[in-house]
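First comes the structure, then the notes that go with it.
Protein chains in written order, with this note's numbering: chain A, 34 to 427; chain B, 56 to 181.
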């Protein structure tokens, strides 16, 4: 008998949807041309790329010209930071100033920290509330004369909390009308794409990062939306692909897969409601059946797919391994699961103690999650926690 | 990621739980990774007659604790104190490099228990 498997780590990555995979397949060995080649085979590939660009643009409600394909959101995030800072430094003698959140993804925090360490920028890492949210007025207070980039994640990958992006976008576009130094407003929307409105006009953002493999598309492909007339330096120099900004022969199957994945997300509007119902059943069940358990982060302003708990007297990595032995795949913010030996910066940012952060488990539901999956976790998890508490004596 | 032996000791740990009236206790916590290991020992004729553990920690910390208890039970205090990190890792069929510190915690906790036993003895004699 095949062991039961329940995948609840959809914020880490998702399986490629069968329909997406099917659309990608011809671009490996049939329509394998280089989109830059002018002959027929090249043109087939070019058409695949441009159709996908259209699909991405239609999802974000922007122009196809405003879409740049990258290798993923980490690349998009690095690019927007370095590219905007470079432009500012070319034109100004002041140091560029950046505003971001203390619990952004490392793809934002690390490139910013490197620039800060080199003394090239000033930066405000804004704190968040214990619910994992930022207030718009905190952003306003942080902005200075030399602010060139504000980057605020749409939804947090660990606790799923959703930031008021369109309100911040409105604030910044109002400020920009009176400013000499225009502020570029960027959002990392990696976790949001599946469930939230990503119309860039509605959000009032100048730039947005997204990734294929979080939305049932392939790994190794992502995009940066960059509003027309926003100046940025090139990311990779070479043959001048992606309007001279990101050279290198296009990842054609990946690009086609990303376009199709977004096309499917747009069609599947009811996923969020269905997933939220299952997620709420999970939260209610766990808080009811496991003593000394808590939900981390706001329940109200949260992605429908995310549930993040801390269990007193146990350690997260042990929980993950025990669950994995029973075919349940989840994630933890414990240091023991990372190679860095540091607990999750997200959980400590919302005020959890190191001990609580070590004791955390994240479940992220997806399209494939069923009610019987949730019942199975509710059956297994209380026993796992009980056993580990016996071992810890706590 | 982990060997069969690690998973076995994690799923079915040996000598787990609190000990009533131990002769000595050794507890260490690693603030770096948040693991806390505690050994209780009963000593007779300079030998570890019984040993139990309580561990708040990852799968490896639990497996290492369990393995340690099986390795030192019945050994003299001096023999037990000579067990190294490498000995435990070998018995467990290897550990990922970034998990090696978990086994060093077990060594420290046992050493603490043995030292505490010897200190108590000296106090009783004097």
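Note that beta-carbon positions come from the ideal geometry of N, C-alpha and C, so glycine has one too.
The model shown is predicted, which means the values in this text are computed figures rather than measured ones.
Three-state secondary structure assigned by DSSP to residue i
i: residue 105 of chain B; result: strand
i: residue 397 of chain A; result: strand
i: residue 60 of chain B; result: helix
i: residue 81 of chain B; result: strand
i: residue 130 of chain A; result: strand
i: residue 158 of chain A; result: strand
i: residue 187 of chain A; result: coil
i: residue 42 of chain A; result: strand
i: residue 198 of chain A; result: helix
i: residue 363 of chain A; result: coil
i: residue 71 of chain B; result: strand
i: residue 269 of chain A; result: strand
i: residue 86 of chain A; result: helix
i: residue 96 of chain A; result: coil
i: residue 111 of chain B; result: strand
i: residue 262 of chain A; result: coil
Residue i at chain A interface by Cβ criterion, 7 angstroms
i: residue 118 of chain B; result: no
i: residue 89 of chain B; result: yes
i: residue 73 of chain B; result: yes
i: residue 153 of chain B; result: yes
Endpoints, beta strand (DSSP E) assigned at residue i
i: residue 99 of chain B; result: 91–99
i: residue 50 of chain A; result: Counting along the chain, residue 50 of chain A falls outside any beta strand (DSSP E), and DSSP gives it neither H nor E.
i: residue 152 of chain B; result: Unbroken run through residue 152 of chain B: none, as it is neither H nor E.
i: residue 409 of chain A; result: From DSSP, residue 409 of chain A is part of no beta strand (DSSP E) but of the alpha helix (DSSP H) over 404–425.
i: residue 327 of chain A; result: 326–328
i: residue 342 of chain A; result: 339–344
i: residue 221 of chain A; result: 217–221
i: residue 100 of chain A; result: 100–103
i: residue 255 of chain A; result: 255–259
i: residue 244 of chain A; result: 240–244
i: residue 180 of chain A; result: 180–184
Nearest neighbour of residue i, chosen from the options [CA to CA]
i: residue 172 of chain B; options: B:69, B:76, B:61; result: B:76
i: residue 288 of chain A; options: A:44, A:45, A:39, A:59; result: A:59
i: residue 135 of chain A; options: A:309, A:262, A:356, A:377; result: A:377
i: residue 220 of chain A; options: A:324, A:207, A:200; result: A:200
i: residue 408 of chain A; options: A:325, A:242, A:314, A:290; result: A:314
i: residue 121 of chain A; options: A:159, A:83, A:307, A:179; result: A:179
i: residue 267 of chain A; options: A:362, A:406, A:277, A:229; result: A:277
i: residue 97 of chain A; options: A:292, A:404, A:350, A:405; result: A:292
i: residue 204 of chain A; options: A:193, A:186, A:176; result: A:176
i: residue 160 of chain A; options: A:214, A:358, A:171, A:153; result: A:171
i: residue 406 of chain A; options: A:394, A:119, A:361; result: A:361
i: residue 262 of chain A; options: A:195, A:418, A:100; result: A:100
i: residue 83 of chain B; options: B:167, B:73, B:178, B:175; result: B:167
i: residue 217 of chain A; options: A:305, A:229, A:130; result: A:130
i: residue 425 of chain A; options: B:117, B:88, B:100; result: B:117
Neighbour flag for residue i against chain B, beta carbons, 7 angstroms
i: residue 351 of chain A; result: yes
i: residue 38 of chain A; result: no
i: residue 106 of chain A; result: no
i: residue 425 of chain A; result: yes
i: residue 191 of chain A; result: no
i: residue 348 of chain A; result: yes
i: residue 231 of chain A; result: no
i: residue 119 of chain A; result: no
i: residue 325 of chain A; result: no
i: residue 378 of chain A; result: no
i: residue 387 of chain A; result: yes
i: residue 95 of chain A; result: no
Terminal residues of the alpha helix (DSSP H) in which residue i lies
i: residue 389 of chain A; result: 387–391
i: residue 125 of chain B; result: 114–127
i: residue 285 of chain A; result: 285–300
i: residue 313 of chain A; result: 304–322
i: residue 148 of chain A; result: 139–150
i: residue 236 of chain A; result: 233–236
i: residue 428 of chain A; result: Residue 428 of chain A lies beyond the stretch modelled for chain A, which goes from 34 to 427, so this question has no answer here.
i: residue 251 of chain A; result: First-last for residue 251 of chain A: undefined, no H or E at that position.
- Message: For the pair the stretch 218–231 of chain A and the stretch 334–349 of chain A, tell me if three or more CB-CB distances fall below 8 angstroms.
- Response: Yes, the stretch 218–231 of chain A touches the stretch 334–349 of chain A.
- Task: Give, in chain order, every residue of the stretch 101–133 of chain B whose Cβ lies closer than 7 angstroms to some Cβ of chain E.
- Result: Annotation note: the requested chain E is absent from the structure, which comprises protein chains A and B.
- Determine, using beta-carbon pairs with one atom in the stretch 113–126 of chain B and one in the stretch 141–149 of chain B, whether at least three such pairs fall under 8 angstroms. With three or more CB-CB distances shorter than 8 angstroms, the stretch 113–126 of chain B counts as touching the stretch 141–149 of chain B.
- Message: Three Cβ pairs or more, each shorter than 8 angstroms: is that satisfied between the stretch 246–266 of chain A and the stretch 161–176 of chain A?
- Response: For the pair of segments examined, the stretch 246–266 of chain A was found not to touch the stretch 161–176 of chain A: the number of CB pairs separated by less than 8 angstroms stays below three.
- Evaluate the contact criterion for the stretch 78–88 of chain A versus the stretch 104–119 of chain A: three or more CB pairs, one atom per stretch, below 8 angstroms. In short, these stretches do not touch, since the Cβ pair count stays below three.
- Message: With a threshold of 8 angstroms, are at least 3 pairs of Cβ atoms found where one atom belongs to the stretch 52–69 of chain A and the other to the stretch 253–262 of chain A?
- Response: These segments do not touch.
- Three or more beta-carbon pairs under 8 angstroms between the stretch 80–94 of chain B and the stretch 131–144 of chain B, yes or no? Result no; under three Cβ-Cβ pairs closer than 8 angstroms.
- Message: Closer than 8 angstroms is the cut-off here; do at least three beta carbon pairs connect the stretch 387–400 of chain A with the stretch 339–356 of chain A?
- Response: The answer is yes - the stretch 339–356 of chain A touches the stretch 387–400 of chain A, with three or more Cβ pairs under 8 angstroms.
- Query: Is there contact here, the stretch 62–78 of chain B with the stretch 385–394 of chain A, by at least three beta-carbon pairs under 8 angstroms?
  - Reply: Between the stretch 62–78 of chain B and the stretch 385–394 of chain A there are fewer than three inter-stretch CB-CB distances shorter than 8 angstroms, so the stretches are not counted as touching.
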